[in-house]
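> Dropping the structure in here first, questions after.
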Amino acid sequence: MMFESGFRTTYLQLFCKKTEYAWSPRKDIEYHCYDQFGVSRKGPQDTTDEHCTIFYDKEKVELLEGGTFWLSESPSVPGSISWGSEV
């Protein structure tokens with residue numbers, strides 16, 4: 003995969019991966035110097051579903067605040083859907 007091979011040769015202070023899984027064992031091995039922020043598309047209680055994770059170098063970047071919203075008519079309700087969308 004292009005990202006994975008480029009990641010090994012490029013240092014990034016901050017990056018995001020779409021469709022990451024919380025249970026992925028590769029994170030701990032490949033991204034050991036990074037901390038992460040991200041919530042499942044079904045909400046913070048569901049760790050089995052995919053989500054977009056923001057990784058940041060914990061030695062150089064400090065997470066001051068984080069938040070999540072859903073693309074729906076009720077964006078603050080975890081896992082909410084609207085307009086005929088599916089989760």
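When you line the sequence shown up against the working numbering, it's residues 3 to 89, in that order.
Ideal Cβ placement from N, Cα and C applies to all residues, glycine included.
1) Rounded to whole angstroms, what is the Cα-Cα separation between residue 86 and residue 52?
2) Would DSSP call residue 52 helix, strand or coil?
3) Apply the 10 Å Cβ neighbour rule to residue 84 and answer buried if 16 or more other Cβ atoms are within range, or exposed otherwise.
4) Do residue 47 and residue 80 come within 9 angstroms of each other at the CB atom, strictly closer than that value?
According to the structure shown:
1) 20 angstroms
2) strand
3) exposed
4) yes
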